[in-house]
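S.K.:
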Amino acid sequence: MLLQKLWARQRRRLLKWSITVNRYRNIKLWGAAGLVHDLFDAPRPAIKKTSVSMDVDRVLVARLLENYRALTQDFGTEFTIWPDVAPLHRALTAGDADSLASQFGRLFQDNLLLGMGHAETLYFGERVWRPGFQELRMTDTLLALGEALGVLSLPSHAQMKLIDYVTAMHTDQNALFGKIEAVLAFSLEMPRVGNPPVFTLNGISTNADMVRHAYVANRIRQLGVGPQEAIVELGGGFGSLGLLANRAGFRNYTIIDLPVVGAIQTYFLGSALGRDAVSGYRENPAAMRVLPPPSFGEIPDRSVALSINMDSLPEIPRPEALAYLREIRRTSRQFLSINQEASAPHEVRLERQTIVSDMIEEVGGFERIYRFPYWIIEGYAEELYRVV
Ligand SMILES: C[S@@+](CC[C@H](N)C(=O)[O-])C[C@H]1O[C@@H](n2cnc3c(N)ncnc32)[C@H](O)[C@@H]1O
7 MLLQKLWARQ RRRLLKWSIT VNRYRNIKLW GAAGLVHDLF DAPRPAIKKT
57 SVSMDVDRVL VARLLENYRA LTQDFGTEFT IWPDVAPLHR ALTAGDADSL
107 ASQFGRLFQD NLLLGMGHAE TLYFGERVWR PGFQELRMTD TLLALGEALG
157 VLSLPSHAQM KLIDYVTAMH TDQNALFGKI EAVLAFSLEM PRVGNPPVFT
207 LNGISTNADM VRHAYVANRI RQLGVGPQEA IVELGGGFGS LGLLANRAGF
257 RNYTIIDLPV VGAIQTYFLG SALGRDAVSG YRENPAAMRV LPPPSFGEIP
307 DRSVALSINM DSLPEIPRPE ALAYLREIRR TSRQFLSINQ EASAPHEVRL
357 ERQTIVSDMI EEVGGFERIY RFPYWIIEGY AEELYRVV
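Here the sequence shown stands for residues 7 to 394, numbered as in our numbering.
#1: Return the chain-ordered ranges of every alpha helix (DSSP H) run that is complete within the segment 280-347 and spans a minimum of 4 residues.
#2: Among the residues of its own chain, which have a CB less than 7 Å from the CB of A292, if the five just before and after it don't count?
#3: Going by beta-carbon coordinates alone, are L70 and T260 separated by less than 8 Å?
#4: Taking 8 Å as the threshold, find out whether the segment 342-351 comes into contact with the segment 108-118 through three or more Cβ pairs.
#5: Would you decide whether A174 is buried or exposed? Buried here means 16 or more other CB atoms lie within 10 Å of its CB.
#6: Are there three or more Cβ pairs, one per stretch, closer than 8 Å when the segment 362-381 is compared with the segment 253-270?
#7: Since T147 and R218 are thought to touch, with beta carbons under 8 Å apart, how far apart are those beta carbons, to the nearest angstrom?
#8: Between Q109 and the rest of its own chain, which residues show a CB-CB distance below 8 Å, the 5 nearest in sequence each way excluded?
#9: Quick one: Cα of P197 to Cα of R392, how far?
#10: Taking only the alpha-carbon atoms, compute the straight-line gap between P265 and E326 and give it to the nearest angstrom.
#11: Taking the beta carbon of M294 as the centre, do at least 16 other beta carbons fall within 10 Å, making it buried, or is it exposed?
#12: Going by the beta-carbon positions, is the gap between A1 and I237 smaller than 8 Å?
#13: CB of G299 to nearest heavy atom of ligand 1: below 7 Å?
#14: On the three-state DSSP scale, how would you describe E153?
#15: Closest by CA to V58, which one among A125, V199, G276 and L247?
#16: Checking 8 Å against the spacing of the C-beta atoms, do L207 and N180 come in under that value?
#17: With the cut-off set at 8 Å, would you say V172 and I25 are in Cβ contact?
#18: Could you give the uninterrupted runs of the alpha helix (DSSP H) lying entirely in the segment 71-123, keeping only those of 4 residues or more?
#19: Alpha carbon to alpha carbon, how far is L229 from E235? Give it in angstroms, no decimals.
#20: Mapping the DSSP letters down to three states, classify A68 as helix, strand or coil.
#21: Alpha carbon to alpha carbon, how far is V3 from R335?
#22: Report buried or exposed for P202, applying the criterion of at least 16 other Cβ atoms within 10 angstroms of its Cβ.
#23: Answer with buried or exposed for P299, where buried requires no fewer than 16 other C-beta atoms within 10 angstroms of its C-beta.
#24: Start and end of the beta strand (DSSP E) containing A387?
#25: When the Cα atoms are used, what is the spatial distance from M166 to W88?
#26: Note down the Cα distance separating D408 from S105, rounded to an integer number of angstroms.
#27: Please classify F244: does DSSP put it in a helix, a strand, or coil?
#28: Under the DSSP definition of a beta bridge, which residues are partnered with A236?
#29: Could you check whether the Cβ of L275 sits closer than 7 Å to any heavy atom belonging to ligand 1?
#30: Note down the Cα distance separating G245 from A387, rounded to an integer number of angstroms.
#31: Relative to the alpha-carbon of V267, which residue among Q16, G280, L240 and G232 has its alpha-carbon at the smallest distance?
#32: With H, G and I counted as helix, E and B as strand and the rest as coil, what does DSSP make of R225?
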């Protein structure tokens with residue numbers, strides 16, 4: 007009897023604790039190992055390894071190599087690289103088309119995209135995250151996009167019983183995904199380039215990068231940028247925002263990034279959109295351009311409707327980041343920044359990461375139009391600036 011009473015009390019405590027945990031639906035907390043993941047009571051879509059991948063486009067690989075050669079002839083090879091991309095850097099420098107083709111064929115299976123995308127190593131490999139984190143992340147991203155677009159109403163713990171608040175996370179994810187695609191009117195399908203791990207929602211293969219970047223592609227539209235107006239994205243990851251912006255109808259999109267990462271973007275976008283849809287350094291401009299940092303200087307004054315930087319400027323050395331902001335001020339009419347402000351010590355360099363709004367103040371000539379927490383990931387500020 008006594009034991010039963012004690013057990014009942016323990017169960018009530020556990021339930022209370024579990025509900026408390028479930029109130030905090032945010033990625034940061036999930037990063038913590040421990041019981042949090044197990045107590046977190048939300049449906050998790052199943053992640054699938056893909057076995058079917060597009061064949062590697064060898065013409066695109068050859069073009070990309072030619073491009074890289076031209077670029078290093080003009081600017082040298084002194085661009086930043088980090089250990090994850092070193093094998094790609096070696097293949098590009100050696101002009102080794104076979105190695106490049108093989109690395110691109112496994113783009114989402116190796117560590118090349120760590121920090122830039124949700125690759126297989128994050129889901130199935132030697133995880134830095136607890137098992138289940140990525141699936142939870144997918145759930146959170148999807149709910150957040152639904153709430154941001156207004157196709158899912160926001161729960162409020164001031165208005166709801168705790169248990170109803172928690173249950174609000176139990177939405178039908180297939181139906182939610184369908185509504186999101188219908189409202190956006192562009193597809194969130196993850197292209198089968200480089201064997202990406204995917205979730206199937208409402209019959210569509212997708213992943214967290216498609217969901218989180220769809221929010222930004224939609225924001226570009228909301229800001230009134232016309233389909234032929236110039237957009238510059240500084241630091242474009244593997245090209246997923248570029249792809250979604252293209253699907254949303256934007257046809258004048260330039261990514262500025264380090265040459266090695268530019269090679270990834272050219273390959274990913276060229277495979278997903280067709281090789282003629284993408285151009286590189288010294289090539290005739292296509293709807294989607296991938297250019298190295300020195301090419302920023304060739305973009306005419308005030309010719310860009312919107313420059314974007316997402317999850318990138320804080321990790322770039324401060325003097326370089328300030329120089330980018332000056333280029334943005336010279337070339338652009340508006341600047342959209344979605345960046346974290348934790349000012350954490352940099353992993354490699356002996357300095358702290360920067361805060362975009364501090365640097366904007368130092369550079370001058372920007373007026374902030376809005377600032378609010380980024381809907382999709384906790385800990386990021388979304389800010390829109392007008393260049394004055
Ligand atoms: C963390 S990733 C974020 C990628 C993408 N914006 C996203 O949200 O997924 C940082 C991006 O900044 C780029 N980057 C890093 N250092 C850079 C530099 N010095 N100049 C230009 N781009 C840089 C990286 O190559 C990468 O594309």
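Ideal Cβ positions, reconstructed from N, Cα and C, are used throughout, including at glycine. Predicted, not measured: the structure shown is a model, and the values here were computed from it.
M.R.: Judging by the given coordinates:
#1: 324-337
#2: Answer for A292: D282, A283, V284 and S285, listed in chain order.
#3: no
#4: no
#5: buried
#6: Not touching, per the Cβ criterion.
#7: 5 Å
#8: P93, L94, A97, D116 and L118
#9: 34 Å
#10: 16 Å
#11: It counts as buried.
#12: One cannot answer for residue 1 here, as it falls past the ends of the chain, which runs 7 to 394.
#13: Strictly speaking, residue 299 in this sequence is Pro, with Gly absent from that position. It does: the Cβ of P299 is within 7 Å (strictly closer) of some heavy atom of ligand 1.
#14: Of the three classes helix, strand and coil, the one that applies to E153 here is helix, per DSSP.
#15: The shortest C-alpha separation from V58 is found at V199.
#16: A contact, by the Cβ cut-off of 8 Å.
#17: yes
#18: 92-100 and 103-111
#19: 12 Å
#20: helix
#21: Any property of residue 3 remains undetermined from this structure, which presents the chain solely from 7 to 394.
#22: Classification for P202: buried.
#23: A buried status is given to P299, since no fewer than 16 other beta-carbon atoms sit within 10 Å of its beta-carbon.
#24: Per DSSP, the continuous beta strand (DSSP E) segment holding A387 begins and ends at Y386 to V393.
#25: So the alpha carbons of these two residues sit roughly 48 Å apart.
#26: The chain is shown from 7 up to 394; residue 408 falls before or after that span and cannot be answered.
#27: coil
#28: V310
#29: no
#30: 21 Å
#31: L240
#32: helix
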